[in-house]
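Participant: Counting from -9, one number per residue, gives the positions in the sequence shown under the working numbering. Before we start, here is the structure in question, set down as structure tokens.
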Amino acid sequence: MAAGCTIAPAQASAQNPVTLTIQADKPVHAVSPTLYGLMTEEINYAFDGGLYAEMVRNRTFRGDWSGLLDWYLVEKGDAAAKMTPDHATGPSKALTGSLKIDVTRASAQSQAGVLNTGWWGMALRPETSYKGSLYAKAGAEIGPVTVSLVNDKTGKAVASAQVTGVGTEWKQFPFTLKTGAIEPSSTNHLEITVGKTGTLWLQLVSLFPPTYHDQPNGRRVDLMEKMAAMHPQFLRFPGGNYLEGNRIVDWYDWKKTIGPLVDRPTHPSPWNYHSSDGMGLLEFLGWCEDLKMQPVLAVYAGYSLASEHVEPGEKLEPYVQSALEELEYVTGSTSTKWGAVRAQNGHPEPFKLTYVEIGNEEWFDKSGSYDARYTQFSKAIKAKYPDLQLIATAPVKSAKPDVLDEHFYVRATENFHDANHYDEPAAGSAAPVWGNGRYDKADRSGPKIFVGEWATREGSPTPNMGAALGDAAWMTGMERNSDLVIMAAYAPLLVNVNPGGMQWATDLIGYDAQTSYGSPAYYAQVLFGSYLGDQVLTSKLSGAGEKFFYSITGSAAKKKLYLKLVNASSEPQTVDVAIDGVKTTGKTKLVTLSAADTQETNSITDPKRIVPVESAIAVSGGRVKHTMPKYSIEVIVADVE
Ligand code: AHR
-9 MAAGCTIAPA QASAQNPVTL TIQADKPVHA VSPTLYGLMT EEINYAFDGG LYAEMVRNRT
51 FRGDWSGLLD WYLVEKGDAA AKMTPDHATG PSKALTGSLK IDVTRASAQS QAGVLNTGWW
111 GMALRPETSY KGSLYAKAGA EIGPVTVSLV NDKTGKAVAS AQVTGVGTEW KQFPFTLKTG
171 AIEPSSTNHL EITVGKTGTL WLQLVSLFPP TYHDQPNGRR VDLMEKMAAM HPQFLRFPGG
231 NYLEGNRIVD WYDWKKTIGP LVDRPTHPSP WNYHSSDGMG LLEFLGWCED LKMQPVLAVY
291 AGYSLASEHV EPGEKLEPYV QSALEELEYV TGSTSTKWGA VRAQNGHPEP FKLTYVEIGN
351 EEWFDKSGSY DARYTQFSKA IKAKYPDLQL IATAPVKSAK PDVLDEHFYV RATENFHDAN
411 HYDEPAAGSA APVWGNGRYD KADRSGPKIF VGEWATREGS PTPNMGAALG DAAWMTGMER
471 NSDLVIMAAY APLLVNVNPG GMQWATDLIG YDAQTSYGSP AYYAQVLFGS YLGDQVLTSK
531 LSGAGEKFFY SITGSAAKKK LYLKLVNASS EPQTVDVAID GVKTTGKTKL VTLSAADTQE
591 TNSITDPKRI VPVESAIAVS GGRVKHTMPK YSIEVIVADV E
């Protein structure tokens, strides 16, 4: 947040003033400490070409009808060569094919080989080391293999290394490419060439920039920092539709995503591109550790997107067993079979796990099999792990889930009308009902609620200010009802904004190879996550129009009050606040996120157009009179004694 900046004073309110009375010594209930978290899956090049910092695209040489994706032949000077996919030789049981390069003419000056264009380029910075490796073998003595980072515009190498000793057996060769005093840019590619005739096979060509916490096989620093600023409490993974796959054969088979990269076969994702599985199960858990989030692990429950399901009973049993083994991999000690595998993969310490989700959006399964499938999973998991909290993804009758996952992708207007969705029904009103596959009327005697995916879908690729206002209105409702709504996650989280990068519009954080930006909705999340509070306080509102929303929380431990106010209207709004029951110290700050109109937004070329601005605000004798700008989300943070 930009601290100490000034914001233009709001114009006089054309609307009637709102009166807000806060009884700060009267908590209504605790705020769920896990309320805000992240939801993730491989969509919009979220991992490959996004968070997963790998710079080489199609590092395992998958082909399609047009040949090898993202790889091109290099014939410098009068060199001559041919590249073909070779399905008969590869370095491992998982990677059984490779790229074969037949060089028929080459010299030290006229080298031949291949190049990779990366994820819409390769971002390079000055004086930086890039660590890579490749698997290679040769038909006979091929001489040194030169690996270079080359500027697309000049054609000149900006960093080079040589790999020597390539023999007739597959072997992994590490290398480091260090840039000098270059201009940062993403118009670069990777070249791998030789200066001798012969045959060279390549597989798993990989290159990483410095990563968050310098982890090998790690994550992009800028994106991790943006997520950290949201103060997320959990990570829901691996999906989403990515968990389910299009067909049953494409399900997220976690065992194929662990261990050395050369042992990961990769798999098709339902979002029309192939996943490298470099972000595998252990990497998701590492991401949780990095940002101090708890894992919310979704296990495949036998339904895939092409309306295919596994019959409950004997046929489902292998999937149930796989889920049990997955739980052992995550939580088991090293004396268990799968805990020992985790240790072998580099993480002896078990992970703490509380929530396990059974499937994803199972209301899509029109066969009606989810009830029995959920129950089969639930019985098996609870028998072995009685303390785990299980999340159903559609209502079930044969078992009582601990938590129900509900999803909302809506327009801002819908959020304005539905911001009290989870309010308790007033005394005497209709009994809670289940409708449209969801709980309505906020039944307090049913499962707790996880709003596992939600977003105001206005703006592309990332949401605009109007969407941020819809989001903020919705968040005030979840926060006020966080005795019931224990977790919530915006989705999708990430989008590569390059042409072809997006499969689902309106995503929280956008990026290309080099930079990233937060949308206005991202900053709304930052505000709500930063000033959560631990108790919802008694409050009363009067005089508010249809586009005013609020949530009042406090933290006794931090001696703070948090007033989250949303003015989604086109006019300024004066708010008259009376804080009773505690003594305000007078130390108060105001954080404002606002825009001139609802269509205003941030973008990769204008990343900071709408950001929160901090300023001072006067509180005297527990009274604040303040005029909110039009289209604004504000937090008043008041110190109390
Ligand atoms: O967030 C995009 C998709 O929306 C998720 O994969 C799916 O769960 C939902 O339908």
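From the three backbone atoms N, C-alpha and C, an ideal C-beta is built for every residue, glycine too. Since this is a predicted model, take the numbers as computed values, not measurements.
Quick one: measure Cβ to Cβ for Ala313 and Ile371, integer angstroms, because I've assumed they're closer than 8 Å.
Facilitator: The pair is a contact, with the Cβ atoms about 7 Å apart (cut-off 8 Å).
Participant: Helix, strand or coil for Gln223, going by three-state DSSP, please let me know.
Facilitator: Residue state, collapsed to three classes: coil.
Participant: For Val603 and Pro562, what's the separation of their Cα atoms in angstroms?
Facilitator: Using only the alpha carbons, I get a separation of about 17 Å.
Participant: Spatial neighbours of Glu159 within its chain, please: C-beta separation below 8 Å, excluding the five flanking residues on both sides.
Facilitator: If we look at Glu159 and ignore the five residues flanking it on each side, its Cβ neighbours are Lys127.
Participant: Could you spell out where the beta strand (DSSP E) holding Met618 opens and where it closes?
Facilitator: Unbroken beta strand (DSSP E) run through Met618: Arg613 to Met618.
Participant: How long is the line joining the alpha carbons of Val64 and Asp76, rounded to whole angstroms?
Facilitator: Cα to Cα, the separation comes out at about 18 Å.
Participant: What are the start and end residues of the beta strand (DSSP E) that includes Ile439?
Facilitator: Lys438 to Thr446 is the span of the beta strand (DSSP E), which, as asked, contains Ile439.
Participant: Please report the distance separating the alpha-carbon of Ile607 from that of Pro619.
Facilitator: Cα-Cα distance, rounded: 14 Å.
Participant: Rounded to whole angstroms, what is the Cα-Cα separation between Ser294 and Leu89?
Facilitator: Answer to the nearest angstrom: the Cα atoms are 32 Å apart.
Participant: Starting from the N-terminal side, write out each stretch of the alpha helix (DSSP H) that is 4 residues or longer and does not extend beyond the segment 337 to 417.
Facilitator: Runs found: 360 to 374 and 402 to 408.
Participant: With a threshold of 8 Å, are at least 3 pairs of Cβ atoms found where one atom belongs to the segment 250 to 267 and the other to the segment 33 to 43?
Facilitator: With the cut-off at 8 Å, the segment 250 to 267 and the segment 33 to 43 touch.
Participant: For Gln525, which residues in the same chain have their Cβ closer than 8 Å to its Cβ, ignoring the five residues on either side in sequence?
Facilitator: Pro17, Val18, His19, Ala20, Val21, Thr543, Gly544, Ser545 and Ala546, listed in sequence order.
Participant: Is His257 close to the ligand AHR? I mean its beta-carbon at under 7 Å from any heavy atom of the ligand.
Facilitator: His257: no, Cβ never under 7 Å from the ligand AHR.
Participant: With a threshold of 7 Å (Cβ to nearest heavy atom), would Ala384 be considered close to the ligand AHR?
Facilitator: Not so, every heavy atom of the ligand AHR lies at least 7 Å from the Cβ.
Participant: What residue from Ile182, Leu287, Asp629 and Ile172 has the CA that sits closest to Val572's CA?
Facilitator: Considering only alpha carbons, the answer is Asp629.
Participant: Which value, in whole angstroms, describes the spacing of the CA atoms of Ala147 and Gln99?
Facilitator: Approximately 14 Å, taken between the alpha carbons.
Participant: Below 7 Å, is the gap between the Cβ of Asn350 and the nearest heavy atom of the ligand AHR?
Facilitator: Yes.
Participant: Does the beta-carbon of Thr575 have 16 or more other beta-carbons within 10 angstroms, so that it is buried, or is it exposed?
Facilitator: Thr575 should be labelled exposed.
Participant: Any idea which residues DSSP pairs Ile626 with across the strands?
Facilitator: BP columns for Ile626 point to Leu553 and Leu580.
Participant: Please name the residue in Asp68, Pro206 and Asp395 whose C-alpha comes closest to that of Leu287.
Facilitator: Nearest of Asp68, Pro206 and Asp395 to Leu287, Cα basis: Asp395.
Participant: I want to check one thing, is the minimum distance from the CB of Pro689 to the heavy atoms of the ligand AHR below 7 Å?
Facilitator: The chain is shown from -9 up to 631; residue 689 falls before or after that span and cannot be answered.
Participant: Is Gln5 helix, strand or coil by DSSP?
Facilitator: In the structure shown, Gln5 sits in coil (DSSP, three-state: anything other than H, G, I, E or B).
Participant: Excluding five sequence neighbours on each side, which residues of the same chain lie with their C-beta closer than 7 Å to the C-beta of Asn335?
Facilitator: Hits under 7 Å: Ile248, Gly249 and Leu272.
Participant: I'd like to know if the segment 550 to 557 and the segment 516 to 523 are in contact, where contact means that at least 3 CB-CB pairs between them fall below 8 Å.
Facilitator: Counting Cβ pairs under 8 Å, three or more are found: they touch.
Participant: Rounded to the nearest angstrom, how far is the Cβ of Ser509 from that of Asn592, given a contact under 8 Å?
Facilitator: So it is a contact: roughly 6 Å between Cβ atoms.
Participant: Taking the straight line between their C-alpha atoms, what separation do you get for Asp430 and Asp461?
Facilitator: Only weak support exists for where Asp430 lies, its pLDDT of 47 falling under 50; the value from the coordinates is given anyway. Their Cα atoms are separated by approximately 20 Å.
Participant: Below 8 Å between beta carbons: does that hold for Leu194 and Val252?
Facilitator: Yes; because the gap between Cβ atoms is below 8 Å, this pair is in contact.
Participant: First and last residue of the alpha helix (DSSP H) that includes Gly519?
Facilitator: Pro510 to Ser520 is the span of the alpha helix (DSSP H), which, as asked, contains Gly519.
Participant: What's the gap between the Cα of Lys66 and the Cα of Gln101?
Facilitator: When rounded, the distance between both Cα atoms is 5 Å.
Participant: Is the CB-CB distance between Ala568 and Thr496 below 8 Å?
Facilitator: For Ala568 and Thr496, no; Cβs fall outside 8 Å.
Participant: Assign Ala113 to buried or exposed, taking buried as 16 or more other Cβ atoms, counted over all protein chains shown, within 10 Å of its Cβ.
Facilitator: Buried, since its Cβ has 16 or more Cβ neighbours within 10 Å.
Participant: Applying the criterion that 16 or more other CB atoms from any shown protein chain within 10 Å of the CB defines a buried residue, is Tyr399 buried or exposed?
Facilitator: Result: exposed.
Participant: Expressed to the nearest angstrom, what Euclidean distance is found between the alpha-carbon atoms of Asp92 and Gly129?
Facilitator: Their backbone Cα atoms lie some 9 Å apart in a straight line.
Participant: Around the C-beta of Ala296, are 16 or more other C-beta atoms found within 10 angstroms, so that it is buried, or is it exposed?
Facilitator: It counts as exposed.
Participant: Any heavy atom of the ligand AHR closer than 7 Å to the CB of Trp328?
Facilitator: No, the beta carbon of Trp328 sits no closer than 7 Å to any heavy atom of the ligand AHR.
Participant: If Thr699 sits next to Glu318, beta carbons under 8 Å apart, how far is it from one beta carbon to the other, in whole angstroms?
Facilitator: The shown model of the chain, from -9 to 631, leaves out residue 699, and the question about it has no answer.
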